[in-house]
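Asker: Have a look at the structure that comes next, please.
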Amino acid sequence: MTMNLHILDTHFQGMPQVTAVYLLIGPDGPVLVESGPGSTLPAILDGLSARGFRPADIKHVLLTHIHLDHAGAAGWWAQQGAQLYVHHVGAPHLIDPGKLLASATRIYGDRMATLWGDILPAPAERVTALYDGDIVEAGGLTFTALDTPGHAYHHHTYLLGDGPGGRIAFTGDAAGVCLPHIEVVDLPAPPPEFHLETWLATLERLEAAGAPTFYPTHFGPISDIHGHLAELRALMIDAVAFVAQRVEDLTGGPAGGALQQPIAPPVRSQLLDDYVAWNRERAAALRLSPTAIESYELANPLFMSVDGILRYLRKRGG
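The working numbering applies: residue 114 is where the sequence shown begins, and numbers increase by one.
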(Lines of atoms letter the chains of each structure in order from A and count residues from 1; the text may use other names and numbers.)
(Lines give C-alpha, C1' and ligand atoms only; values in the text may rest on other atoms or scores of the structure.)
Protein backbone atom coordinates (compact mmCIF):
# COMPACT_ATOMS: atom_id res chain seq x y z
CA MET A 1 0.00 0.00 0.00
CA THR A 2 1.57 3.26 -1.18
CA MET A 3 0.04 6.17 0.66
CA ASN A 4 0.93 9.45 2.32
CA LEU A 5 -1.20 10.64 5.23
CA HIS A 6 -1.48 14.28 6.26
CA ILE A 7 -3.44 15.77 9.16
CA LEU A 8 -5.26 18.94 8.11
CA ASP A 9 -5.95 21.03 11.19
CA THR A 10 -9.32 22.77 10.86
CA HIS A 11 -8.44 25.28 13.64
CA PHE A 12 -12.05 24.93 14.76
CA GLN A 13 -13.13 28.15 16.52
CA GLY A 14 -9.52 29.33 16.37
CA MET A 15 -8.14 26.44 18.42
CA PRO A 16 -5.36 24.27 17.02
CA GLN A 17 -5.39 20.48 17.13
CA VAL A 18 -9.02 20.02 18.17
CA THR A 19 -10.70 18.77 14.99
CA ALA A 20 -8.91 17.06 12.11
CA VAL A 21 -9.59 16.25 8.49
CA TYR A 22 -7.35 13.50 7.17
CA LEU A 23 -5.82 13.79 3.71
CA LEU A 24 -4.62 10.53 2.21
CA ILE A 25 -2.67 10.64 -1.03
CA GLY A 26 -3.02 7.29 -2.76
CA PRO A 27 -1.68 5.99 -6.05
CA ASP A 28 -4.68 7.42 -7.91
CA GLY A 29 -5.06 10.71 -6.07
CA PRO A 30 -6.20 12.35 -2.82
CA VAL A 31 -8.94 11.19 -0.46
CA LEU A 32 -10.40 13.00 2.54
CA VAL A 33 -11.62 11.31 5.71
CA GLU A 34 -14.11 13.76 7.27
CA SER A 35 -15.04 17.13 5.81
CA GLY A 36 -14.99 19.20 8.98
CA PRO A 37 -17.63 21.89 9.49
CA GLY A 38 -18.34 24.51 6.85
CA SER A 39 -16.90 27.20 9.10
CA THR A 40 -13.46 25.60 8.72
CA LEU A 41 -13.37 25.31 4.92
CA PRO A 42 -10.81 28.13 4.53
CA ALA A 43 -8.35 26.27 6.77
CA ILE A 44 -8.92 23.00 4.91
CA LEU A 45 -8.51 24.63 1.51
CA ASP A 46 -5.32 26.32 2.70
CA GLY A 47 -4.02 22.93 3.90
CA LEU A 48 -4.82 21.33 0.56
CA SER A 49 -3.27 24.18 -1.40
CA ALA A 50 -0.06 23.92 0.64
CA ARG A 51 0.15 20.29 -0.56
CA GLY A 52 -0.55 21.11 -4.18
CA PHE A 53 -4.25 20.29 -4.40
CA ARG A 54 -7.29 22.26 -5.54
CA PRO A 55 -10.90 21.53 -4.51
CA ALA A 56 -11.55 19.91 -7.90
CA ASP A 57 -8.82 17.35 -7.15
CA ILE A 58 -10.85 15.87 -4.27
CA LYS A 59 -12.98 13.09 -5.74
CA HIS A 60 -13.69 11.07 -2.56
CA VAL A 61 -14.73 12.09 0.97
CA LEU A 62 -15.34 9.39 3.62
CA LEU A 63 -17.46 10.47 6.58
CA THR A 64 -17.46 8.57 9.88
CA HIS A 65 -20.86 10.03 10.80
CA ILE A 66 -23.00 13.08 10.12
CA HIS A 67 -22.43 15.21 13.23
CA LEU A 68 -21.55 18.69 12.06
CA ASP A 69 -17.98 18.78 13.33
CA HIS A 70 -17.32 15.74 11.11
CA ALA A 71 -19.58 16.23 8.10
CA GLY A 72 -20.86 19.81 8.13
CA ALA A 73 -19.00 20.73 4.92
CA ALA A 74 -19.83 17.46 3.13
CA GLY A 75 -22.49 19.04 0.93
CA TRP A 76 -20.03 21.66 -0.25
CA TRP A 77 -17.58 18.98 -1.32
CA ALA A 78 -20.33 17.07 -3.11
CA GLN A 79 -21.28 20.22 -4.98
CA GLN A 80 -17.66 20.49 -6.13
CA GLY A 81 -17.94 16.99 -7.61
CA ALA A 82 -16.67 14.76 -4.79
CA GLN A 83 -18.33 11.45 -3.98
CA LEU A 84 -19.40 11.13 -0.35
CA TYR A 85 -19.34 7.80 1.52
CA VAL A 86 -21.39 7.56 4.70
CA HIS A 87 -23.38 5.15 6.87
CA HIS A 88 -26.71 4.30 5.25
CA VAL A 89 -28.66 5.77 8.19
CA GLY A 90 -26.90 9.11 7.77
CA ALA A 91 -27.03 9.26 3.97
CA PRO A 92 -30.55 10.76 3.63
CA HIS A 93 -29.59 13.61 5.97
CA LEU A 94 -26.74 14.67 3.68
CA ILE A 95 -29.14 14.84 0.74
CA ASP A 96 -31.79 16.71 2.74
CA PRO A 97 -30.18 18.25 5.84
CA GLY A 98 -33.40 19.90 7.01
CA LYS A 99 -33.91 17.71 10.09
CA LEU A 100 -30.22 17.90 10.95
CA LEU A 101 -30.32 21.69 10.74
CA ALA A 102 -33.48 21.92 12.82
CA SER A 103 -32.04 19.69 15.54
CA ALA A 104 -28.75 21.60 15.63
CA THR A 105 -30.53 24.96 15.68
CA ARG A 106 -32.52 23.90 18.76
CA ILE A 107 -29.20 23.25 20.51
CA TYR A 108 -27.00 26.09 19.22
CA GLY A 109 -29.49 28.83 18.32
CA ASP A 110 -27.88 31.97 16.95
CA ARG A 111 -24.40 30.41 17.23
CA MET A 112 -25.10 28.08 14.28
CA ALA A 113 -23.38 30.16 11.60
CA THR A 114 -20.34 30.92 13.74
CA LEU A 115 -19.86 27.30 14.78
CA TRP A 116 -20.78 25.42 11.63
CA GLY A 117 -20.92 27.77 8.64
CA ASP A 118 -23.00 26.78 5.63
CA ILE A 119 -24.58 23.32 5.64
CA LEU A 120 -25.45 22.53 2.03
CA PRO A 121 -27.45 19.64 0.58
CA ALA A 122 -25.54 17.01 -1.36
CA PRO A 123 -26.86 15.84 -4.74
CA ALA A 124 -28.27 12.34 -4.27
CA GLU A 125 -26.02 10.88 -6.94
CA ARG A 126 -23.00 12.13 -4.99
CA VAL A 127 -23.86 10.12 -1.84
CA THR A 128 -22.90 6.47 -1.47
CA ALA A 129 -24.70 4.74 1.42
CA LEU A 130 -22.53 2.16 3.18
CA TYR A 131 -23.32 -0.92 5.26
CA ASP A 132 -21.19 -2.86 7.69
CA GLY A 133 -18.32 -4.55 5.87
CA ASP A 134 -18.69 -2.58 2.64
CA ILE A 135 -15.48 -1.91 0.72
CA VAL A 136 -14.66 1.55 -0.63
CA GLU A 137 -12.07 1.86 -3.39
CA ALA A 138 -10.90 5.47 -3.51
CA GLY A 139 -7.69 7.04 -4.73
CA GLY A 140 -6.21 3.61 -5.32
CA LEU A 141 -6.74 2.78 -1.63
CA THR A 142 -9.04 0.17 -0.08
CA PHE A 143 -11.16 1.02 2.96
CA THR A 144 -13.51 -1.25 4.90
CA ALA A 145 -16.51 0.29 6.66
CA LEU A 146 -17.01 -1.07 10.16
CA ASP A 147 -20.24 -0.43 12.06
CA THR A 148 -19.21 1.23 15.34
CA PRO A 149 -22.34 2.54 17.11
CA GLY A 150 -22.63 3.84 20.66
CA HIS A 151 -21.69 7.46 20.10
CA ALA A 152 -24.16 7.48 17.21
CA TYR A 153 -26.01 4.69 15.42
CA HIS A 154 -24.94 6.12 12.05
CA HIS A 155 -21.22 5.71 12.83
CA HIS A 156 -18.59 3.90 10.79
CA THR A 157 -14.92 3.39 11.44
CA TYR A 158 -12.85 3.04 8.27
CA LEU A 159 -10.10 0.43 8.22
CA LEU A 160 -7.37 1.12 5.69
CA GLY A 161 -5.09 -1.74 4.72
CA ASP A 162 -5.08 -5.41 3.85
CA GLY A 163 -4.79 -7.18 7.20
CA PRO A 164 -4.81 -6.64 10.97
CA GLY A 165 -1.08 -6.00 11.19
CA GLY A 166 -1.10 -3.43 8.40
CA ARG A 167 -4.33 -1.62 9.10
CA ILE A 168 -4.93 1.84 10.39
CA ALA A 169 -8.36 2.87 11.66
CA PHE A 170 -10.09 6.22 11.21
CA THR A 171 -12.32 6.07 14.26
CA GLY A 172 -14.29 9.33 14.18
CA ASP A 173 -15.68 9.54 17.72
CA ALA A 174 -16.01 5.78 18.29
CA ALA A 175 -12.71 5.68 20.19
CA GLY A 176 -13.44 8.89 22.07
CA VAL A 177 -11.44 12.11 22.14
CA CYS A 178 -7.69 12.22 22.75
CA LEU A 179 -5.83 15.42 21.90
CA PRO A 180 -2.12 15.38 20.97
CA HIS A 181 0.63 16.13 23.49
CA ILE A 182 -1.95 15.66 26.27
CA GLU A 183 -3.09 12.08 25.64
CA VAL A 184 -6.00 12.07 28.06
CA VAL A 185 -9.09 10.18 26.92
CA ASP A 186 -12.42 12.01 26.95
CA LEU A 187 -15.97 10.77 26.42
CA PRO A 188 -18.25 12.45 23.84
CA ALA A 189 -21.73 11.20 24.78
CA PRO A 190 -24.23 13.42 22.96
CA PRO A 191 -27.97 12.89 22.58
CA PRO A 192 -29.94 11.31 21.15
CA GLU A 193 -27.99 8.09 20.50
CA PHE A 194 -25.37 7.62 23.21
CA HIS A 195 -25.78 4.07 24.48
CA LEU A 196 -23.39 2.59 27.02
CA GLU A 197 -23.71 -1.13 26.32
CA THR A 198 -23.67 -0.65 22.57
CA TRP A 199 -20.54 1.48 22.78
CA LEU A 200 -18.80 -1.01 25.07
CA ALA A 201 -19.42 -3.68 22.42
CA THR A 202 -17.98 -1.32 19.79
CA LEU A 203 -14.78 -0.97 21.83
CA GLU A 204 -14.41 -4.74 21.80
CA ARG A 205 -14.91 -4.75 18.05
CA LEU A 206 -12.36 -1.99 17.53
CA GLU A 207 -9.76 -3.83 19.57
CA ALA A 208 -10.46 -7.07 17.71
CA ALA A 209 -9.93 -5.31 14.36
CA GLY A 210 -6.23 -5.34 15.14
CA ALA A 211 -5.30 -1.91 13.79
CA PRO A 212 -2.03 -0.81 15.43
CA THR A 213 -2.89 2.88 15.02
CA PHE A 214 -6.13 4.78 15.50
CA TYR A 215 -6.81 8.20 13.99
CA PRO A 216 -9.71 9.81 15.88
CA THR A 217 -11.08 13.04 14.45
CA HIS A 218 -10.22 14.72 17.77
CA PHE A 219 -7.20 14.47 17.13
CA GLY A 220 -4.29 12.63 15.57
CA PRO A 221 -2.72 9.19 16.00
CA ILE A 222 -3.05 6.82 18.96
CA SER A 223 -0.73 3.81 19.19
CA ASP A 224 -1.43 2.42 22.69
CA ILE A 225 -4.71 0.89 21.58
CA HIS A 226 -5.25 -1.43 24.54
CA GLY A 227 -4.51 1.25 27.14
CA HIS A 228 -6.57 3.87 25.35
CA LEU A 229 -9.65 1.66 25.05
CA ALA A 230 -9.34 0.50 28.66
CA GLU A 231 -9.29 4.12 29.82
CA LEU A 232 -12.29 5.03 27.66
CA ARG A 233 -14.21 1.95 28.85
CA ALA A 234 -13.68 2.88 32.50
CA LEU A 235 -14.59 6.53 31.87
CA MET A 236 -17.86 5.57 30.17
CA ILE A 237 -18.95 3.43 33.08
CA ASP A 238 -17.88 6.03 35.65
CA ALA A 239 -19.58 8.92 33.84
CA VAL A 240 -22.92 7.12 33.58
CA ALA A 241 -22.72 6.06 37.23
CA PHE A 242 -21.88 9.63 38.29
CA VAL A 243 -24.84 11.15 36.45
CA ALA A 244 -27.24 8.48 37.71
CA GLN A 245 -26.11 9.02 41.31
CA ARG A 246 -26.38 12.80 41.07
CA VAL A 247 -29.91 12.51 39.65
CA GLU A 248 -30.85 10.41 42.68
CA ASP A 249 -29.17 12.87 45.06
CA LEU A 250 -30.84 15.90 43.49
CA THR A 251 -34.34 14.43 43.15
CA GLY A 252 -34.49 12.28 46.27
CA GLY A 253 -35.48 9.14 44.40
CA PRO A 254 -34.13 6.47 42.03
CA ALA A 255 -32.90 7.83 38.72
CA GLY A 256 -35.22 5.51 36.79
CA GLY A 257 -38.32 7.03 38.35
CA ALA A 258 -37.06 10.61 38.40
CA LEU A 259 -36.27 10.58 34.68
CA GLN A 260 -39.70 9.40 33.54
CA GLN A 261 -40.78 13.03 33.78
CA PRO A 262 -38.94 15.98 32.18
CA ILE A 263 -36.11 16.96 34.48
CA ALA A 264 -36.64 20.35 36.11
CA PRO A 265 -34.39 23.11 34.72
CA PRO A 266 -32.79 23.87 38.13
CA VAL A 267 -31.94 20.17 38.54
CA ARG A 268 -30.41 19.96 35.07
CA SER A 269 -28.44 23.16 35.73
CA GLN A 270 -27.05 21.79 38.99
CA LEU A 271 -26.33 18.45 37.36
CA LEU A 272 -24.38 20.18 34.58
CA ASP A 273 -22.41 22.18 37.14
CA ASP A 274 -21.61 18.97 39.02
CA TYR A 275 -20.58 17.13 35.84
CA VAL A 276 -18.31 19.99 34.79
CA ALA A 277 -16.74 20.05 38.27
CA TRP A 278 -16.26 16.25 38.19
CA ASN A 279 -14.56 16.46 34.81
CA ARG A 280 -12.34 19.35 35.84
CA GLU A 281 -11.30 17.56 39.02
CA ARG A 282 -10.29 14.63 36.84
CA ALA A 283 -8.41 17.00 34.53
CA ALA A 284 -6.62 18.64 37.45
CA ALA A 285 -5.59 15.25 38.80
CA LEU A 286 -4.12 14.49 35.37
CA ARG A 287 -2.30 17.87 35.44
CA LEU A 288 -4.06 19.33 32.41
CA SER A 289 -3.42 23.01 31.80
CA PRO A 290 -6.30 25.51 31.49
CA THR A 291 -5.62 25.68 27.74
CA ALA A 292 -5.80 21.90 27.46
CA ILE A 293 -9.10 21.84 29.37
CA GLU A 294 -10.49 24.51 27.03
CA SER A 295 -9.45 22.45 24.01
CA TYR A 296 -11.13 19.31 25.35
CA GLU A 297 -14.33 21.17 26.18
CA LEU A 298 -14.40 22.65 22.67
CA ALA A 299 -13.98 19.20 21.12
CA ASN A 300 -16.51 17.72 23.53
CA PRO A 301 -19.02 20.19 25.04
CA LEU A 302 -19.90 18.82 28.46
CA PHE A 303 -23.55 19.89 28.35
CA MET A 304 -23.99 17.57 25.38
CA SER A 305 -22.71 14.60 27.36
CA VAL A 306 -24.98 15.40 30.30
CA ASP A 307 -28.00 15.46 28.01
CA GLY A 308 -26.87 12.33 26.19
CA ILE A 309 -26.36 10.36 29.41
CA LEU A 310 -29.68 11.59 30.81
CA ARG A 311 -31.49 10.43 27.68
CA TYR A 312 -29.75 7.05 27.85
CA LEU A 313 -30.70 6.63 31.53
CA ARG A 314 -34.31 7.60 30.79
CA LYS A 315 -34.58 5.00 28.03
CA ARG A 316 -32.84 2.39 30.19
CA GLY A 317 -35.07 3.11 33.16
CA GLY A 318 -32.31 4.43 35.45
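We put the beta carbon where it would ideally sit given N, CA and C, even for glycine.
Cβ of H331 within 8 Å of Cβ of V199?
Answerer: Not a contact, by the Cβ cut-off of 8 Å.
Asker: With distance defined between alpha-carbon atoms, name the residue in T364, H268, E344 nearest to Y147.
Answerer: Note that residue 147 is Glu in the sequence shown, not Tyr. Among T364, H268, E344, the Cα nearest to that of E147 is on H268.
Asker: Taking the continuous alpha helix (DSSP H) assigned at E320, which residues delimit it?
Answerer: Looking at the DSSP string, the run of the alpha helix (DSSP H) that includes E320 is 309 to 322.
Asker: Considering only C-alpha positions, which residue in the set H183, F166, A390, D223 is nearest to T153?
Answerer: Measuring from the Cα of T153, the nearest candidate turns out to be H183.
Asker: From this set, S402, I350, M417, which residue's C-alpha is nearest L385's C-alpha?
Answerer: Nearest of S402, I350, M417 to L385, Cα basis: M417.
Asker: Please classify S402 as buried or exposed, where buried requires at least 16 neighbouring CB atoms within 10 angstroms.
Answerer: Result: exposed.
Asker: My output table needs one value for Y135: the three-state DSSP class, helix, strand or coil.
Answerer: Reduced to three states, the DSSP call for Y135 is strand.
Asker: Report buried or exposed for L399, applying the criterion of at least 16 other Cβ atoms within 10 angstroms of its Cβ.
Answerer: So L399 ends up on the exposed side.
Asker: Could you work out which residue in A347, T284, E296 is closest to A322 when comparing CA atoms only?
Answerer: Nearest of A347, T284, E296 to A322, Cα basis: T284.
Asker: Measuring alpha carbon to alpha carbon, tell me which of A352, E320, A357 ends up nearest H341.
Answerer: Per the Cα distances, E320.
Asker: So for I248, helix, strand or coil by DSSP?
Answerer: Correct three-state label for I248: strand.
Asker: Looking at A228: is its Cβ nearer than 8 Å to the Cβ of V298?
Answerer: Going by the sequence as given, residue 228 is Leu instead of Ala. It is not a contact, given that the beta carbons lie outside the stated cut-off.
Asker: Compare the C-alpha of G252 against each of T364, R381, H173, H308 and name the closest.
Answerer: Ranking the options by Cα distance to G252, first place goes to H173.
Asker: Flag this pair as touching only if the region 247 to 266 and the region 209 to 229 have three or more C-beta atom pairs under 8 Å; answer yes or no.
Answerer: Verdict: no, contact absent.
Asker: If you follow the beta strand (DSSP E) that I281 is part of, which residue opens it and which one closes it?
Answerer: 281 to 285 is the span of the beta strand (DSSP E), which, as asked, contains I281.
Asker: Short of 7 Å in beta carbon distance, which residues of its chain neighbour L316, apart from the five on each side in sequence? Order them along the chain.
Answerer: Only L342, L345, R346 meet the Cβ criterion.
Asker: For P236, which option in L426, Q192, I179 has the closest C-alpha, if you only look at C-alpha atoms?
Answerer: Measuring from the Cα of P236, the nearest candidate turns out to be Q192.
Asker: Less than 8 Å between the beta carbons of P301 and D286, yes or no?
Answerer: Contact: yes.
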